[in-house]
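Notes for the one structure printed next.
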């Protein structure tokens, strides 16, 4: 591959993102502008921005890579990533917007009237955010290494620096513009190459490397379903989306609860359209580039396939497009995460000033950068799936019960969040060590959500019931605020 | 979508820290036991919350059951693995594309039903 294409695409996306970010800076002046874009963002803009922020390295590169690697089991990932927004619509969207809080820790404190519950939530938000940024930076490292030949650390460092600068300079108002732009960039960057590749392949040249029966064996097909793993993955993805800090903070920018619901339905449409394209890429990969699965470069499928199937200048243009889209994915998800992390860190530790937000933005980028540089990626879609499992086991029970059950107390919430964090954290981190010696529990450790989420819920409910201090004094008023529609 | 051409006025959102949200909520709608009007208001709110929760759970369970049936159909309807659409088995195409229309339909239905619940609450409370 010609390295010049990689440089041009990466520098182009970086420049455009930075320009839009700084343009936004001119209209972003007050503290509230910085945090939630003053709540005047329209549903279509907001939905595009949510899509732009949500579609990360896992969606852009990881889904196609996993379809190539494992077959139809991977098709559950985009289903879960989309279905998560359905759960968000049903249980969280409108009440959360009406809560009047800026961040998840703000919500926890307002609902439970407890500084300790707030601190535990803040800590979890920060941990989740950091571990979600790591795969983005690893995706950037992979992209830069494959497309330009530079060492891996250069890609991770470039994304980290750009994100820290844009977020520290502009805050969320500018980020809303950047994110909305990123969604349409990512969609175009996959859709055009897919159409071009299908036209080329439809002409019969080059011929597929495998026959359809070899490329799509029944043994990797939808009929051969690992029930436990699939169910557990769906629990993680459907419920994990509820608790993702960068997704939640975006809902505060809707004008009211009804707009928050409308935004979410638009997001469902946008995601459904988007995921057609990585899926087609994965299918093409199984027939035309099966060797990438063997060489451990499955996540690079989308970057390499256009050049393989379409030689010459058209192939170069398509390659530049997918590189730009991939880089956009790393930038948008990382910056969304850094905005929400910086919001939490600056409010809890630095007094909530604009200067504190800037310092926090830089801190929120450095830690995941160090982790990404120290570790190797083991499949982008898989590692993001584990972050979803952790989120589903910790923040999701607290949020859903906090919104719908008046009996939740601060002790119950803290106990449930810690239970979920310890169990799912131990399964994710310790799983690889134990699974090798005791194979039959391996699925339960590799996909823990199906048992850690129910346990976290049970502990939350049980401790809340036993809590003699009872529910906080303002619970009824707060629930009223969450569910009663705004005055027209 | 009922978007008006002019954007709404910018709202300054204040007090990022502490229980500002909770305290302002407390003054919003008092529900003291000495106040019969407040009691009725509280009953209306509880019934709104219950109907919204029942709706959300019904929709979520419906989505899960529909997905399950769809997956079972893909697995057990014979011939889907050997029938090819543009070189891809129909079973793979269905799993890859079939659930998204369901998600969107379910989401749109919920949007309307949740709006109806809120309209009912409004008509009950605005009569007084």
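Protein chains in written order, with the numbering used here: chain D, 1405 to 1892; chain F, 4 to 131.
Quick reminder that beta carbons are idealized off the backbone N, C-alpha and C, glycines included.
Treat the numbers as computed from the prediction; the structure is a model and nothing was measured.
So which residues of chain D does residue i contact, with C-beta pairs closer than 7 Å?
i             : result
residue 126/F : None at all; the shortest Cβ gap to chain D is about 11 Å.
residue 111/F : 1669
residue 62/F  : 1494
Is DSSP giving residue i helix, strand or coil here?
i              : result
residue 1434/D : Confidence in residue 1434/D is poor, its pLDDT being 49 and thus under 50, which makes the residue's placement unreliable; the coordinate value appears in the next sentence. It is coil, neither helix nor strand.
residue 1656/D : coil
residue 5/F    : Any reading at residue 5/F must be qualified, since the residue scores a pLDDT of 45, below 50, and its modelled position is unreliable; the value itself is stated next. Note: residue 5/F maps to coil in three-state DSSP.
residue 68/F   : helix
residue 93/F   : helix
residue 88/F   : strand
residue 1890/D : coil
residue 1816/D : helix
residue 1762/D : helix
residue 35/F   : Because the pLDDT of residue 35/F is 45, which lies under 50, any placement of that residue in the model is unreliable, and the number read from its coordinates should be weighed accordingly. Coil at residue 35/F, not helix or strand.
residue 80/F   : coil
residue 1869/D : helix
residue 125/F  : helix
residue 1850/D : helix
residue 1797/D : helix
residue 1809/D : coil
residue 1460/D : coil
residue 27/F   : Bear in mind that a pLDDT of 42 at residue 27/F, under 50, signals an unreliable position, so the number given afterwards is only what the model happens to contain. In the structure shown, residue 27/F sits in a helix (DSSP, three-state: H, G or I).
residue 1715/D : coil
residue 1450/D : helix
At the level of alpha carbons, what is the spacing between residue i and residue j?
i              : j              : result
residue 1878/D : residue 1504/D : 15 Å
residue 1442/D : residue 1814/D : Confidence at residue 1442/D is low in this model, with a pLDDT of 47, below 50, so the placement of that residue should be treated as unreliable; the coordinate-derived value is given next. Whole-angstrom Cα-Cα distance: 30 Å.
residue 6/F    : residue 1659/D : At residue 6/F the pLDDT is 46, less than 50, meaning the model places this residue with poor confidence; the figure from the coordinates comes in the next sentence. So the two alpha carbons sit approximately 12 Å from each other.
residue 1473/D : residue 98/F   : 17 Å
residue 1507/D : residue 1670/D : 22 Å
residue 1521/D : residue 104/F  : 39 Å
residue 1656/D : residue 1663/D : 11 Å
residue 1361/D : residue 1502/D : For residue 1361/D there is no data in the structure shown, the boundaries of chain D being 1405 and 1892.
residue 1743/D : residue 1880/D : 31 Å
residue 1604/D : residue 1854/D : 43 Å
residue 1765/D : residue 86/F   : 53 Å
residue 1648/D : residue 1411/D : 32 Å
residue 1706/D : residue 1529/D : 31 Å
residue 1512/D : residue 1803/D : 8 Å
residue 1786/D : residue 1571/D : 27 Å
residue 119/F  : residue 88/F   : 42 Å
residue 1818/D : residue 1509/D : 12 Å
residue 1620/D : residue 1872/D : 59 Å
residue 1439/D : residue 1843/D : Note that residue 1439/D scores 49 on pLDDT, short of 50, meaning its location in the model is unreliable; the coordinates nonetheless yield the value given after this. Cα to Cα, residue 1439/D sits roughly 47 Å from residue 1843/D.
residue 1544/D : residue 1476/D : 26 Å
residue 76/F   : residue 100/F  : 14 Å
residue 1661/D : residue 1409/D : 45 Å
residue 107/F  : residue 1673/D : 6 Å
residue 1641/D : residue 1851/D : 11 Å
residue 1869/D : residue 1751/D : 31 Å
Report yes if the C-beta distance between residue i and residue j is below 8 Å; otherwise report no.
i              : j              : result
residue 1542/D : residue 1453/D : no
residue 1703/D : residue 1773/D : no
residue 129/F  : residue 1889/D : no
residue 1598/D : residue 1687/D : no
residue 1565/D : residue 1822/D : no
residue 1665/D : residue 117/F  : yes
residue 1652/D : residue 1500/D : yes
residue 1776/D : residue 1828/D : no
residue 1768/D : residue 1540/D : no
residue 65/F   : residue 93/F   : no
residue 1727/D : residue 1414/D : yes
residue 1591/D : residue 1709/D : no
residue 1481/D : residue 1835/D : no
Since residue i meets chain D, which of its residues come closer than 9 Å, beta carbon to beta carbon?
i             : result
residue 98/F  : 1476, 1479, 1480, 1483, 1625 and 1626
residue 48/F  : 1880, 1883, 1884, 1887 and 1888
residue 118/F : 1662, 1665 and 1889
Identify the contact partners of residue i in chain D, using a Cβ-Cβ distance below 8 Å as the criterion.
i            : result
residue 94/F : 1476, 1625, 1626 and 1627
residue 42/F : Those do not exist, as residue 42/F stays about 11 Å from chain D at its closest Cβ, beyond 8 Å.
residue 73/F : Going along chain D, no residue has its Cβ under 8 Å from residue 73/F, so there is no contact; the nearest lies around 10 Å.
residue 76/F : Neighbours of residue 76/F on chain D: none; closest Cβ ~10 Å, over 8 Å.
For residue i, return the contacting residues in chain F, with the cut-off set at a CB-CB distance below 8 Å.
i              : result
residue 1676/D : 103, 104, 106 and 107
residue 1683/D : 99 and 100
Which chain F residues sit within Cβ distance under 7 Å of residue i?
i              : result
residue 1391/D : Examination of residue 1391/D is not possible in this model, given that chain D is present from 1405 through 1892 alone.
residue 1495/D : 59
Just the chain F side, please: which residues come within less than 9 Å of residue i by C-beta, in chain order?
i              : result
residue 1620/D : 84, 87, 90, 91, 92, 94 and 95
residue 1808/D : 52, 55, 56 and 59
**OP:** Return the chain-ordered ranges of every beta strand (DSSP E) run that is complete within the stretch 1490-1569 of chain D and spans a minimum of 3 residues.
**Re:** Counting only runs of 3 or more, we get nothing.
Subject >> Contiguous alpha helix (DSSP H) assignments of at least 4 residues, all confined to the stretch 1566-1630 of chain D >> reply: 1616-1619
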